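There are 2 protein chains.
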Amino acid sequence: MLKNLSHTEENYLKAIFSLSNKSETAVSTNELAEKIVAKPSSVTDMVQKLAEKKLVDYKKYQGVYLTSNGRKTAVSIIRNHRLWEVFLVEKLDFKWDEVHDFAEQLEHIKSDTLIERLDAFLNFPTHDPHGDPIPDKNGNIAQNLREPLSNINIGSTCTLVGVNDSSSKFLKFLDKSKIKLGSTIKVLHKEEFDNSMHIQVDKNKLSISHQITKNLLVKII
Amino acid sequence: MLKNLSHTEENYLKAIFSLSNKSETAVSTNELAEKIVAKPSSVTDMVQKLAEKKLVDYKKYQGVYLTSNGRKTAVSIIRNHRLWEVFLVEKLDFKWDEVHDFAEQLEHIKSDTLIERLDAFLNFPTHDPHGDPIPDKNGNIAQNLREPLSNINIGSTCTLVGVNDSSSKFLKFLDKSKIKLGSTIKVLHKEEFDNSMHIQVDKNKLSISHQITKNLLVKII
DNA sequence: ACTTATTTTTAGTCTTGTCTAAAAATTTAT
DNA sequence: ATAAATTTTTAGACAAGACTAAAAATAAGT
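Sequence lines, in order, name chains A and B. Quick note on numbering: the first sequence equals residues 0 to 220 in numbering that gives the first Met the number 0. Quick note on numbering: the second sequence equals residues 0 to 220 in numbering that gives the first Met the number 0.
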């Protein structure tokens, strides 16, 4: 069913998936070029190629979106990525800010059974080390209800269940601030003029900027 | 120290390493082409490129051999390959005849620390599932003394410590015949005209062809 | 030694994925 | 509604890694 694709083709599918999830509309050439870090002309070429392979739907000047096959492929690569991240953190003791680049390589391993064995070995984890859901082998993704901390009202208490930014810089900042997945966060105060927040994380109190609160995904208790 | 190479370049280095270990002389273009499964002209191109990168020494019509840097790179890839094989067999429960193709992909993961973590996780194994020694992180390979079963005299007893042929076909044959690493093998009889052998493996007696005895590596007890 | 056979290299072509420069389509602004 | 700005596509080029066909070097056979 799933075709044998180059790493590059797979990366395009992943990028289109992630962008089309954000915007719900067709993905534009420029958007995609920025995400992939390539020139728009290169993107046009590749998108035409993916269209020939029936992995995307594409009409000139109209942007691109995934076909059902394209989506399946993208989700399968994301599944690989997230399972390998769990492996790296749980078994090889890497920290959550160190695993992304390794997983970018490991996700392209052509697998049939390998990834199912890995899944079993890891005890069928449901989320990766950043709190993102791991698609099951049929491509279903658990849609856990979560929202940015910036949406939460003063006085409410919630649990950190994910992050919107998996960059090493952001994750290291969270480590330093003793904010981790599962932490209980209470909103003590919101500053009107800059939307910064004063919060209590487990036992500690601290202030964080709007930039930060937008990227912390929580679930109200 | 080690350059950033393409999978293809790495595969050439691995192939040159393995061929030059067999013959102890420079590796010829044709030999290499057969091993890599490519045309000799393609090999010439690649070998010239590797020579520019100082990974091989090459003089026209004279064959090729690895420089110290080339050898280091090759050994490091072999280390990766063998460690991943141990992982696949020990942790993911693959059989010894199933792991080669996966390891061919995994060996190219660019690693710095990853492979050292994997090594520790696996408890610093010394041999892969086929009995081949795993180079240490400095590139030293334990040269265990072993010889083909075909060399062993009638009446001698030995232990199976490796195989010369890691193809799935050969390994499945061994499974079927209940011959495995660590098995005790006693040579009961040698047939003059075809060099086949009658042997006792642990509790079972059986006859095996010269083709087989050449590919079983043993250590005399 | 000299002709034949084999091995190896060169020259030119192809595909993949990228680029730049320029043309075409679309969107925005007046 | 037409000009200006932006986005997207086309055209042509390049590097990597492979190929075929043909030339050059080496090895073998008489």
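Beta carbons are placed, not taken as given, at the ideal position from N, Cα and C, and that holds for glycine. Note that the structure is predicted; figures quoted are calculated from it, not measured.
Residue i: CB within 7 Å of a non-hydrogen atom of the ligand ATP
i	result
A/S206	In terms of ligand content, the structure shown is empty, and the ligand ATP therefore cannot be addressed.
Three-way DSSP call (helix, strand, coil) for residue i in this model
i	result
A/D56	strand
B/G161	strand
A/K185	strand
A/I76	helix
A/N203	strand
A/L180	coil
B/T28	helix
A/L170	helix
A/M45	helix
Within chain A, the residues that residue i reaches when beta carbons sit closer than 8 Å
i	result
B/I108	F101, Q104, L105
B/L215	Near B/L215 there are no residues of chain A at all, since even the closest Cβ is about 28 Å away, more than 8 Å.
B/L1	Those within 8 Å of B/L1 in chain A number zero; the least Cβ separation is about 16 Å.
B/L205	Those do not exist, as B/L205 stays about 31 Å from chain A at its closest Cβ, beyond 8 Å.
Contact list for residue i against chain B, beta-carbon separation under 7 Å
i	result
A/K90	F120
A/L49	Per Cβ cutoff of 7 Å: no residues; A/L49 is ~22 Å from chain B at best.
Contact list for residue i against chain A, beta-carbon separation under 9 Å
i	result
B/R116	L87, K90, L91, D92, F93
B/L82	Correct list: empty, because the minimum Cβ distance to chain A is about 12 Å.
B/L18	Here the premise fails: no neighbours, minimum Cβ distance about 27 Å.
Whole-Å CB distance - residue i paired with residue j, under 8 Å assumed
i	j	result
A/V74	A/T66	Rounded, the Cβ-Cβ distance is 13 Å, inconsistent with contact.
B/S116	A/L12	Reading off the sequence, residue 116 of chain B comes out as Arg, not Ser. Between A/L12 and B/R116 the Cβ distance is about 29 Å, and since that is not below 8 Å, they are no contact.
A/K58	A/N68	Not quite, the Cβ-Cβ distance comes to about 18 Å (not below 8 Å), so this is no contact.
A/Q104	B/I108	5 Å
A/K171	A/D96	5 Å
B/I153	B/V200	Rounded, the Cβ-Cβ distance is 16 Å, inconsistent with contact.
A/I178	A/S195	No, A/I178 and A/S195 are not in contact; Cβ-Cβ is about 15 Å, not under 8 Å.
A/S149	A/I219	Contact doesn't hold; Cβ gap of about 14 Å is too wide.
A/D118	A/L82	6 Å
A/L18	A/L31	7 Å
A/L49	A/E89	The Cβ separation is near 34 Å, so there is no contact.
B/S167	B/H129	Not quite, the Cβ-Cβ distance comes to about 12 Å (not below 8 Å), so this is no contact.
A/I133	A/R78	6 Å
A/E106	A/H80	4 Å
B/I184	B/V217	6 Å
For residue i, the first and last residue of its enclosing alpha helix (DSSP H)
i	result
A/N20	6-22
A/L216	Element bounds for A/L216: not the alpha helix (DSSP H) but the beta strand (DSSP E), 215-219.
A/I211	209-212
Under 7 Å by beta carbon: chain A residues contacting residue i
i	result
B/L170	Simply none; closest approach about 17 Å.
B/L148	Residues of chain A passing the Cβ test: none, with the nearest at roughly 32 Å.
B/L255	Only positions 0 to 220 of chain B appear in this structure, which leaves residue 255 of chain B out of reach.
B/L31	Chain A residues near B/L31: none, gap ~25 Å exceeds 7 Å.
B/L159	Under the 7 Å cutoff, chain A gives no residues; its nearest Cβ is about 27 Å from B/L159.
The beta strand (DSSP E) enclosing residue i, as first and last residue numbers
i	result
A/L144	Run containing A/L144: none; DSSP gives neither H nor E here.
A/K90	Taken as a continuous stretch (DSSP letters only), A/K90 belongs to no beta strand (DSSP E), as it is neither H nor E.
A/V36	Taken as a continuous stretch (DSSP letters only), A/V36 belongs to no beta strand (DSSP E), as it is neither H nor E.
A/V63	63-65
Within chain B, partners of residue i - CB distance below 8 Å
i	result
A/L12	Within chain B, no residue comes near A/L12; the closest Cβ sits about 19 Å away, beyond 8 Å.
Interface partners of residue i on chain B, CB under 9 Å
i	result
A/L144	Ordered by position in chain B, no residue passes the 9 Å Cβ test against A/L144, which lies about 34 Å from the chain.
A/L4	Within chain B, no residue comes near A/L4; the closest Cβ sits about 14 Å away, beyond 9 Å.
A/L54	The premise fails here: A/L54 is roughly 22 Å from chain B at the closest Cβ pair, so nothing lies under 9 Å.
Review point. Considering only residues of the region 103-137 of chain A, which uninterrupted alpha helix (DSSP H) runs meet the minimum length of 4 residues and lie entirely inside it, listed in chain order?
Key: Listed in chain order, the complete alpha helix (DSSP H) runs (minimum 4 residues) inside the region 103-137 of chain A are 113-120.
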